[in-house]
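Trainee: Before I ask anything, here is the structure I am working with.
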């Protein structure tokens, strides 16, 4: 085998939903940022300790719980970067307040459960792309589940939680914002 300086051919931007099952969709919005617009500084690690943005959605018929995730497909890895993962949000919940991802007791509705993302923290970890890497997209996704509790084992990664949610997923909604460190 001969190593060369041949570049890897350009690849399309990663679509984080491409490998997922198609599901009905519903609207997810945040009063803290516009769809595809920049995230507020408060939702980034440059703010010190980032605050998760407020999220709102309509109730999904048949949902027994919701799962909320935040994912950056543009991270300089082959697997993106998970910033937040919460399951077992009661079906009666149709919004999460700003800073619900703080990790503090009572910030999430009972019996919601947060899992450690790629930061190693079981809380929201704000946008923090490497300086000069360009803009990154941060997808805040709400998945309606036909299970009151997902039952993901303690210590599960967001990737595993996402996989375990597949047979229970009824519908999915997402909004996203961007952030860049110059």
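Numbering (the numbering used here), first residue to last: 104 to 285.
Where is the CB? At the ideal position from N, CA and C, for every residue including glycine.
Three-state secondary structure (DSSP) at residue 275?
Mentor: Counting from one through the chain shown, the residue named residue 275 turns up at place 172. Note: residue 275 maps to strand in three-state DSSP.
Trainee: State the DSSP-derived secondary structure class of residue 128, mapped to helix, strand or coil.
Mentor: As a first step, residue 128 is located in the chain shown; it is residue number 25 there, counting from the start. DSSP places residue 128 in strand when its eight states are reduced to three.
Trainee: Find out if the Cβ-Cβ distance for the pair residue 241, residue 230 is shorter than 8 Å.
Mentor: Taking the chain shown and counting its residues from 1, one reaches residue 241 at position 138. Taking the chain shown and counting its residues from 1, one reaches residue 230 at position 127. A contact, by the Cβ cut-off of 8 Å.
Trainee: If you count every other CB in all the chains shown that lies within 10 Å of the CB of residue 181, and 16 or more means buried, which is it?
Mentor: Here residue 181 refers to the residue found at position 78 when the chain shown is read from its first residue. Label assigned to residue 181: exposed.
Trainee: Any chance the region 206-221 sits against the region 142-151, with 3 or more Cβ pairs inside 8 Å?
Mentor: Contact fails: fewer than three Cβ-Cβ distances are below 8 Å.
Trainee: Tell me, to the nearest whole angstrom, how far the beta carbon of residue 272 is from that of residue 116; I am working on the premise that it is less than 8 Å.
Mentor: The residue labelled residue 272 in the question sits at position 169 within the chain shown. The residue labelled residue 116 in the question sits at position 13 within the chain shown. Not a contact, Cβ separation roughly 24 Å.
Trainee: Rounding to the nearest angstrom, what Cα-Cα distance links residue 221 and residue 184 in this structure?
Mentor: Sequence index remark: in the chain shown, residue 221 carries index 118 (1-based). Sequence index remark: in the chain shown, residue 184 carries index 81 (1-based). If I take the Cα positions, the gap works out to 6 Å.
Trainee: Give me the Cβ distance between residue 131 and residue 158, rounded to the nearest whole Å; I'm assuming they're in contact under 8 Å.
Mentor: Reading the chain shown from its first residue, position 28 is the one you call residue 131. Reading the chain shown from its first residue, position 55 is the one you call residue 158. About 6 Å; that satisfies the 8 Å criterion.
Trainee: So, with DSSP's three-state summary, where would you put residue 154?
Mentor: Start at 1 with the first residue of the chain shown, and residue 154 comes out as number 51. Of the three classes helix, strand and coil, the one that applies to residue 154 here is coil, per DSSP.
Trainee: Look up residue 198 in the DSSP assignment and say whether it is helix, strand or coil.
Mentor: By one-based count along the chain shown, residue 198 stands at place 95. Per DSSP, reduced to three states, the secondary structure at residue 198 is strand.
Trainee: Within the same chain, show all residues whose beta-carbon is closer than 6 Å to that of residue 171, passing over the 5 residues directly before and after it, in chain order.
Mentor: Residue 171 sits at position 68 when you count from the first residue of the chain shown. For residue 171, where only same-chain residues beyond five positions count, the Cβ hits under 6 Å are 189 and 245.
Trainee: In this structure, how does DSSP classify residue 226 when only helix, strand and coil are distinguished?
Mentor: The residue you call residue 226 lines up with position 123 of the chain shown. Coil.
Trainee: Roughly how many whole angstroms lie between the Cα atoms of residue 198 and residue 168?
Mentor: Within the chain shown, the letter at position 95 stands for residue 198. Within the chain shown, the letter at position 65 stands for residue 168. Approximately 12 Å between the Cα atoms of the pair.
Trainee: Thinking just about the alpha-carbon of each residue, which of 161, 191, 149 and 156 is nearest to the one in residue 251?
Mentor: As a position in the chain shown, residue 251 is number 148, starting the count at 1. The residue from 161, 191, 149 and 156 with its alpha-carbon nearest to that of residue 251 is 191.
Trainee: In terms of residue numbering, what span does the alpha helix (DSSP H) encompassing residue 266 cover?
Mentor: Within the chain shown, the letter at position 163 stands for residue 266. 261-268 is the extent of the alpha helix (DSSP H) around residue 266.
Trainee: Going by Cα to Cα distance, which pick from 276, 278, 253 and 279 is closest to residue 267?
Mentor: For the purposes of this step, residue 267 is identified with residue 164 of the chain shown, where counting begins at 1. The residue with the shortest Cα to Cα distance from residue 267 is 253.
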